[in-house]
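**Q** Pasting in a structure now, in structure tokens, and then I'll have a few things to ask.
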Amino acid sequence: MPVYFVRRVLAAIPVMLVVAIFVFLLLRLTPGDPAAIIAGDMATPAQLERIRDALGLNDPLHIQFLTWIGRLLQGDFGTSLISNKPVLELVEDRMWPTIWIALITITLSVIVAVPMGVLAAWRHRTWVDHIVMTFSVLGFSIPVFVIGYLLIKLFAIDLRWVPVQGYKAPSADIGGFAIRAVLPALTLASIYIALIARMTRASLLDVLNEDYVRTARAKGLAERRVLFRHALRNAAVPVMTVIGTGFALLISGVVVTESVFNIPGLGRLTVDSIFARDYPVIQALILLTSGIYVAVNLLIDLSYSLLDPRIRY
Amino acid sequence: MADSTPLRAALRLPTAKLAGLGLGFAPLIAAIVLLLIVLAAVFAPYIVPHDPIAQNPVLRLKPPSADFPLGTDAYGRDLLSRVVYGARISLTIGIGVTVMAVVLGLFIGLVSGFFRTADAIVMRIMDGLMAMPSVLLAIAIVSLFGASIWTVMAAITIPEIPRVVRLVRSIVLSAREEPYVEAALSLGTSMPRILWRHLMPNTFAPLTVQATYVCASAILTEAILSFLGAGVSTETPTWGNIMAEARIYFQLKPSLILWPGLALSLCILSINLLGDAARDILDPRMGKREG
Amino acid sequence: ETITAVMHSGLRVLDPVMTTAHITRDNAFMIFDTLTAMNSDFEVTPQMASFEVSDDGLTYTFTLRDGLKWHDGGEVTPADCIASIKRWMVRDGGGQMIADRMESLEATGDKSFALKLKEPFPYTLQAMSKPSGLALFMMPERIASTPADTAITEYIGSGPFKFVPDEFQPGVKVVYEKNEDYVPAEGPQSWFSGAKDVKVDRVEWVTMPDAQTSINALMNGEIDYMEAVPVDLLPLLQGVDTVKTDVLAKLGSVTIGRMNFLYPPFDNPKIRKAALMALSQEDVLTALIGNPEYFQVCGAIFGCGTPLEFADGSETLTSGGDIEGAKALLEEAGYDGTPVVLMQPTDVVTLAAQPVVAAQALRAAGFVVDMQPMDWQTLVTRRASQAKPSEGGWNLFFTNWIVPEVSNPLANIMLNGRGDSAWFGWPNDPEIEGLLGEYASAADLDTQKSVAEKIQAHVMENVNYIHLGQYNSPSAWNAALTGVADAPFPVFWGVGKSAD
Amino acid sequence: MMAEVLNVENLRVAIDSPGGAEVVRGISLTINEGETVCLVGESGSGKSVTSLATMGLLPKGSLKPVGGTIRLEGEDLLSCSAARLRDLRATRMSMIFQEPMTALNPVMKVGDQITEVLQAHTKLSNSACHAKVLEMMEQVGLPDVTRIVSSYPHQLSGGQRQRIMIAMALVLDPKLLIADEPTTALDVTTQKQILFLIKELQKRHGTAVLFITHDMGVVSEIADRVYVMNRGDLVETAPIDTLLRHPKEEYTRKLLSAVPSLTPRAARPVSSERTVLQVTELVKRYGGGGFLARAPETLAANDVNFTLKAGRTLGIVGESGSGKSTVARCVMRLIDPSAGGIRIAGHDIATLSRNGMKPYRRKLQMVFQDPYRSLNPRITVAESIMEGPVNYGTPRAEARARAEELLELVGLPASAAARYPHQFSGGQRQRIAIARALAMEPDLLVADEAVSALDVSVQAQVLDLFAEVQERMGIAILFITHDLRVAAQICDDVAVMRRGEVVEIGDTATVLGNPRHEYTRALLEAAPGRHWDFAAFAPVSAA
Ligand SMILES: Nc1ncnc2c1ncn2[C@@H]1O[C@H](COP(=O)(O)OP(=O)(O)OP(=O)(O)O)[C@@H](O)[C@H]1O
Ligand SMILES: Nc1ncnc2c1ncn2[C@@H]1O[C@H](COP(=O)(O)OP(=O)(O)OP(=O)(O)O)[C@@H](O)[C@H]1O
Ligand SMILES: [Mg+2]
Ligand SMILES: [Mg+2]
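Read top to bottom, the protein sequences are chains G, E, F and H. Residues 20 to 332 in our numbering are what the first sequence lists, from first letter to last. Residues 13 to 303 in our numbering are what the second sequence lists, from first letter to last. Residues 110 to 609 in our numbering are what the third sequence lists, from first letter to last. Residues 25 to 567 in our numbering are what the fourth sequence lists, from first letter to last.
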């Protein structure tokens, strides 16, 4: 296990290097110039040039890249070109809202989606199955922002059950946090629920054909026990996998959700930074999100051995 | 092992499959809806009442009328015409992305599934691409090359490729252990030919399913890009940018977002339902499921 | 008491000398104070200092009023002010004009200092008091001695509010506390002059990327103030009795189009004129604003409602465009179908409509238009490029200014005609440079006015830029707020929050 | 007469769709307390369906009983409720399934899987449950029960897993035990133990056993009475002795005479002295190495030597995992041998590269075990057969004509060429695979368990085909099997493998008729029904 873990962590290094090079090149080739946004509308060409020089943007690309990587290895992510704040500090501020919302979303999704998928598989090709599947496809087919708006209109404006927007840290005010996290989490969960429910159903359908399910039935076990005790755990590995890969979708969804619900999270920070060409911030963020993605999937891989004793590392 | 084998054989027959499926009416309805949308897109110039980009400020944000069956948008353009034309671009994006992602993904996946040496490098790159948040990547690419429908398509395609590659590769990895591949090997069949004739066809069924997801998610991603201000020009109506432009009128004139949204949802719903049906029909394991 | 306000955009750059970005300026007015200030009659009034101009117009003496303290407790001294002025002069256009004519800038006592010029420059006080562009803010000497190209890292001012660095989240939230030591100036509050009387303990600016979310939050009482309400969304707030809406920046803004003078087709004045003739202010403003109550067809490049309001040469713009005339002129000019590369920002709501409307009008007049959508950041980078339009350059883009930024010929950066060092588009226009020189040395208002009228006519004829009319953005606030005042941009002194 | 436990009367099961065909057409059978009844018949004849119908486990939505009754101690199972059926399962009737590898839940400890039965049907306390489980596991002869009780299935051998299944089925002392091919997946020695165990337990508990198999050897060892099924119909029933000696029906006779004899066939004259294949000191190791992780190493073939002459058949026998396939795959160069030489007509091919192999490929052909997976389902039969020759430059038209000839040679109509593999039965597919191999006109044919997946009657046809082809073309055959009966009938020489080593090699008559190595003897001992010569309807004459 530890050997496997080390190996997986080492294997993540080339992946992150690919990400780093890709992001760096993409950004530097992209038109857009942080100097221009810093200087504002009335800047003259000469002023722009001076700011560029001061920011080191006129150095050759490979020098910029090596400088960046060199600093990264020392744990220095640089400072934001625009706001002059250390990138780490910026990211730290903005990380928690996103992480919290993501966690709630995943929990919520799993709680809702897994039983949905089980039900659909159990009642395969009946109206129950069709309804569950249609609903989950619907979750897929409405753009996130529309779902967000609909939820706001219904629950915040018409019913006034929850605030329209905002974020409170759970450490500061757990109730305030929860009440504000509901709608964004629901919005995000719509895709995720769809994804997980479908995978649960498909995977369970496979498992239900396995001999050991027949054995379980031959033992005279109650149907619920057959489904949840025998079938579900065997179906869990692909479901976990989709939770992991779906994480990428979640991150994309976060960008929109954070805008709609005004949550000061990583998604918005990234979009803002991209539009402002705040290179150090974008680089750090994409590395970070990629790193989170890789880490989540590593954890999920490791969790396989908990779910399935045959998988040993 | 030999249990119910004649049955399994019978189920390979497509007709038998269709007959025994009992999928309900959903796929049929989905197919009809999709066909209607495609027809509308193809014949858009003949069926829309107005030029979708002709503005008329005086008539902005008007409710439905005889002349403008769905009303007008903030530039006084006819919403119906825009939604119908939007089908053209949105479908082009969906289909274009799907074709590009599938063709490239298939090629890369086949090669890396079969050649161990290529595999390590290719898969690291694919993992890297997959780890990057796709919407953010897309925004960056769109900024880089300007927001035309081609760059939007490219931007959506790139993050989809690794997913197709992974799928194809996993199929190749398991299919290359099949005895018939070994048989081909012992018949002296060359590597490329084994890939082409014996391995690639295995990927078709799962790829069809995957393709419907890619198609649907491309159309949605375009909408998100428009929402974030990185979409195509408003002169090229897409369901995504019509909705994105209309989003501030969500409470005042919900119909502006409703109609393109409805078209989009129906389209994606249909594509997904067809994809599900495709899986049920094409999945060779369906035989096992019965037995 | 806390006021939570949603401003028009997120604050990221804090150094007011680095950028002309409005939000940076708004922030600076909270934490820094100005030497002199402009009131709603465009008059220069004392703020931190009273001033005196010698009869020959060469010496300006400033005397600091009593009780001025930096937020860190230090006294405000002439040395601080001199350093601040010098840093500003490096960056600001008006400041540079003063610097060009400056003999000396020296302290003359504990509380006073003097600016000596080599030749009279009547615009001096206006430049030093203008609220926008790069406004002149006072900082302690140790901060103001930062080179003008390097951003400051400490935000200590002497203004009515203190910046709370720990709670600052770039692009998301800025927090200000009342400066308890602030001694307001004399006189009634008018724009940026007079007493800045803080009535609340705290002001928080939050950024909301989605206008609808802000409106909903305002209606639900989650925020107190929203700077810019899209006009189309006003009906949502009307009839909500906990919310008040009004136009606070009465002068409003202008929207303009700017051409690239370096490349065809707009290197040809006739073709520029044809483009101008094709455009209609009303069409543009309707698409942009919608409700006619909130826009004004206005032919005056210095703004309607300003002292220099002239409408010469603007007939086609204000009367719905002259497509036929444009066609004829285009033909006469021998337009060869060179496509007009029109940059369209897709992520800025207030700039998305102009290119779309303009493209339709230009096409109607016979232009070939290549509208290229891009994000605003790409646009601001690209507009700085002097490359050919087909190779990454451009022909036409649009932007907005608040009226005080264009109302004075010397502050209006688009009038600069010095070729490569002019504003983007780089017109080489000796004629207008001459007129601006004339204006700068004009001794009295009447002379200024007659020169301004000539400038107006010249700009319309030569099409230095296309003035597309004036509009107002309404603001909205919680009805519990008191003292919300008219100003070109929001000020939070004088604003209170009633208990209920 | 003892009490009747199961009584099936005129049972009919049909495919659950409008107008669905009947797959079981009116069968009746009875089993008494303490009796073992065997149900035999070729693949697809409806044996499993009958047993599943009894358990109420017919796959929902695809099969349903349409007539008849099933009575368990008088209670009608077809008309009772789902809940009642659940109660009956495991308490009054139990079932053991064919595949011990897949019939247990892989993510649950085996002890828990047995305990579950007790929890579902009794009110025993936890500790009582536990005690009972251990006791049962001991009864089925599992060693070291305290360890095994908390093991997962994958940590047990096939035989151990099947014992767990049996423990699970018998823990509540059911009246009826249905065993559906419970030993097919096990090697002969394990099979023997399991059969013995079931017999033991049956004696002790007086259980009625319905034993489903197509292995007549097994039948001859355990059955009291036999029912023979064919295509959904009941053909014949009789006490075992009567059936074996005097089968009444033609179908039964056919079935019995298709069972190959364990007595080696008469030696054939050596027709050619040409050596086709020579394997010297062949070694194959799997695993080992690996980046940071030490993969465990398996020595799958160790110092294997043999030669094979043209026109001869060499059999390799041995129980599962003994390395038979490994040798075959090395010879075919589908895997790289770790050491040793493989000479084809005098040329060493052991270390040739993929390209270097190309000229030799056509001389070596292989027929794989699984007739369902060794043909690409998406390619027509003709295309599959033509693939090899076309690779070596034969014009398509010629290759096609040859393919049709070959199909006729293997006993299929030429018209079969245009069809797809799924349109053929297992036996037919295996013949197509043989035709494909023959199309290359190889010198050596490697057949790895080429007939193990086929039922006896089809198996007999395919074996005949091998013999015929060899006679006609003089091909050398390396024939791999674990079925000693098959080896006895087809091989000239036999090599016996155990744990990667050849323990005995020689001509068939000697090795099987007069084994010298104790392992060979043990293998022969374990072969079920070795005292009966089925084809002769008489015991093996004391030779
Ligand atoms: N789920 C099913 N749906 C439709 N037909 C089925 C199903 N299961 C089995 N059959 C058919 O019923 C017939 C009897 O099958 P069954 O499994 O009982 O055969 P068997 O005698 O057990 O064969 P084997 O020896 O191969 O196990 C076969 O023709 C088979 O194709
Ligand atoms: N690819 C592989 N990697 C590692 N070990 C393997 C591999 N293939 C086979 N083995 C091991 O090598 C040994 C011999 O396997 P082989 O397949 O040759 O046996 P066999 O005699 O053909 O058995 P069977 O009768 O079950 O087919 C077994 O212990 C098996 O587990
Ligand atoms: Mg069976
Ligand atoms: Mg084998």
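Glycine residues also receive a C-beta, built at the ideal position from the N, C-alpha and C atoms. These figures come from a predicted structure and were not determined experimentally.
#1: Counting only C-beta atoms, is E/Gly34 closer than 8 Å to chain G at any point?
#2: F/Thr487 versus chain E: which residues are under 7 Å apart at the beta carbon?
#3: Out of curiosity, what's the CA-to-CA distance linking F/Leu371 and F/Pro448?
#4: Is there at least one non-hydrogen atom of ligand 4 closer than 7 Å to the beta-carbon of H/Lys278?
#5: Can the beta-carbon of H/Leu201 be found closer than 8 Å to that of H/Val242?
#6: Unbroken beta strand (DSSP E) runs of length 3 or more, entirely within the stretch 377-415 of chain H: which are they?
#7: Helix, strand or coil for H/Ala317, going by three-state DSSP, please let me know.
#8: Less than 7 Å between the CB of H/Glu66 and some heavy atom of ligand 3, yes or no?
#9: Whose Cβ in chain E lies nearer than 7 Å to the Cβ of H/Asn415?
#10: Starting from F/Met480, find everything on chain E with Cβ-Cβ shorter than 7 Å and list it in chain order.
#11: Any idea if E/Phe55 is buried or exposed, counting beta-carbon neighbours within 10 angstroms, 16 or more meaning buried?
#12: Below 8 Å between beta carbons: does that hold for H/Ala461 and H/Gln389?
#13: Based on the DSSP output, what are the partners of F/Trp586 in its beta bridges?
#14: In angstroms, rounded to a whole number, what distance separates the CA positions of H/Ile173 and H/Met161?
#15: Output the residue ranges of the beta strand (DSSP E) runs that lie fully inside the stretch 165-205 of chain H and measure 3 residues or longer, sorted by chain position.
#16: Mind listing which residues of the stretch 84-115 of chain H have their C-beta closer than 7 Å to chain E's C-betas, in chain order?
#17: Less than 8 Å between the beta carbons of F/Val307 and F/Val281, yes or no?
#18: Does G/Ala213 come within less than 8 Å of chain F when only Cβ atoms are used?
#19: Determine the DSSP secondary structure at F/Thr255, reduced to helix, strand or coil.
#20: Suppose contacts are defined by Cβ-Cβ distances below 8 Å. Is H/Ile264 in contact with H/Asp239 by that definition?
#21: Rounded to whole angstroms, what is the Cα-Cα separation between H/Ala77 and H/Ser349?
#22: Roughly how many angstroms separate the alpha carbons of G/Thr126 and G/Pro283, rounded to a whole number?
#23: Using a Cβ cut-off of 7 Å, pull out every chain H residue sitting near E/His210, in sequence order please.
#24: Looking only at its chain, what residues have a beta carbon closer than 8 Å to the beta carbon of E/Gly34, apart from the 5 residues adjacent to it on each side?
#25: Would you say H/Ala191 reaches chain G, if we count a Cβ-Cβ gap shorter than 8 Å as a contact?
#26: Which of the three DSSP states, helix, strand or coil, is assigned to H/Leu548?
#27: May I ask whether a heavy atom of ligand 3 can be found less than 7 Å away from the beta carbon of G/Asp230?
#28: Taking the alpha carbon of G/Leu76 as the point to measure from, which residue in G/Gln93, G/Leu85, G/Met152, G/Ala54 has its own alpha carbon closest?
#29: Measure how close the beta-carbons of G/Leu211 and G/Leu269 come, nearest whole angstrom, since I'm counting them as under 8 Å.
#30: Only counting runs of 4 or more residues, tell me where the alpha helix (DSSP H) segments fall wholly within the stretch 481-541 of chain F, in order along the chain.
#31: Can you tell me where the alpha helix (DSSP H) with H/Gln122 in it begins and where it stops?
#32: State yes or no: is the C-beta of E/Val134 within less than 8 Å of the C-beta of E/Ser146?
#33: Going by beta carbon distance, what residues of the same chain come within less than 6 Å of F/Ala137, once the five residues before and after it are set aside?
#34: In the structure shown, what three-state DSSP assignment does F/Asp175 receive?
#35: Can you tell me whether H/Thr237 is helix, strand or coil according to DSSP?
#36: Going by DSSP, which residues form a beta bridge with F/Gln579?
**A** Taking the definition as stated:
#1: Note on E/Gly34: pLDDT 49, under 50, position unreliable in the model; the coordinate value appears next. Closer than 8 Å: yes.
#2: Identification of chain E residues near F/Thr487 by a Cβ-Cβ cut-off of 7 Å yields Ser155, ordered along the chain.
#3: Distance between the alpha carbons of F/Leu371 and F/Pro448: 14 Å.
#4: For H/Lys278, the shortest C-beta to heavy atom distance toward ligand 4 is 7 Å or greater.
#5: No, these two residues do not count as a Cβ contact at 8 Å.
#6: The qualifying runs are 388-391.
#7: At H/Ala317 the pLDDT is 48, less than 50, meaning the model places this residue with poor confidence; the figure from the coordinates comes in the next sentence. It is coil, neither helix nor strand.
#8: H/Glu66 Cβ: outside cutoff for every heavy atom of ligand 3.
#9: Correct list: Leu199, Gly200, Thr201.
#10: The answer, in chain order, is Ser245, Glu247.
#11: Classification for E/Phe55: exposed.
#12: In this structure, H/Gln389 lies closer than 8 Å to H/Ala461 by Cβ.
#13: In the DSSP output, where bridge partners are listed per residue, F/Trp586 has F/Tyr334, F/Lys353.
#14: Note on residue identity: the sequence assigns Val, not Ile, to residue 173 of chain H. Whole-angstrom Cα-Cα distance: 8 Å.
#15: Those beta strand (DSSP E) runs which fall completely within the stretch 165-205 of chain H and span 3+ residues are 200-204.
#16: Those would be Ser86, in chain order.
#17: For the pair F/Val307 and F/Val281, the CB atoms are not nearer than the 8 Å cut-off.
#18: Taking Cβ atoms only, chain F never reaches closer than 8 Å to G/Ala213, which makes this a no.
#19: Correct three-state label for F/Thr255: coil.
#20: By the CB criterion at 8 Å, H/Ile264 and H/Asp239 fall outside the cutoff.
#21: Between H/Ala77 and H/Ser349, the C-alpha separation is close to 38 Å.
#22: Rounded to whole angstroms, G/Thr126 to G/Pro283 spans 21 Å at the Cα level.
#23: The contact set of E/His210 on chain H, defined by CB atoms closer than 7 Å, consists of Asn400 in chain order.
#24: Legend: pLDDT at E/Gly34 = 49, less than 50; position of this residue unreliable, value from coordinates given subsequently. There are no such residues.
#25: Chain G, which has no Cβ nearer than 8 Å to the Cβ of H/Ala191, makes this no.
#26: Secondary structure at H/Leu548: helix, using DSSP grouped into helix, strand and coil.
#27: No - ligand 3 has no heavy atom lying nearer than 7 Å to the Cβ of G/Asp230.
#28: Measuring from the Cα of G/Leu76, the nearest candidate turns out to be G/Ala54.
#29: First, the residue type needs correcting, since residue 211 of chain G is Tyr and not Leu in the sequence shown. Contact flag correct, Cβ pair sits at about 6 Å.
#30: Runs of the alpha helix (DSSP H) inside the stretch 481-541 of chain F: 485-491, 512-515.
#31: The continuous stretches of alpha helix (DSSP H) do not include H/Gln122, and DSSP gives it neither H nor E.
#32: In this structure, E/Ser146 does not lie closer than 8 Å to E/Val134 by Cβ.
#33: Hits under 6 Å: Pro125, Phe246.
#34: Residue state, collapsed to three classes: coil.
#35: Looking at H/Thr237 - three-state DSSP - the assignment turns out to be coil, as it is neither helix nor strand.
#36: F/Gln579 is bridged to F/Val363, F/Gln405.
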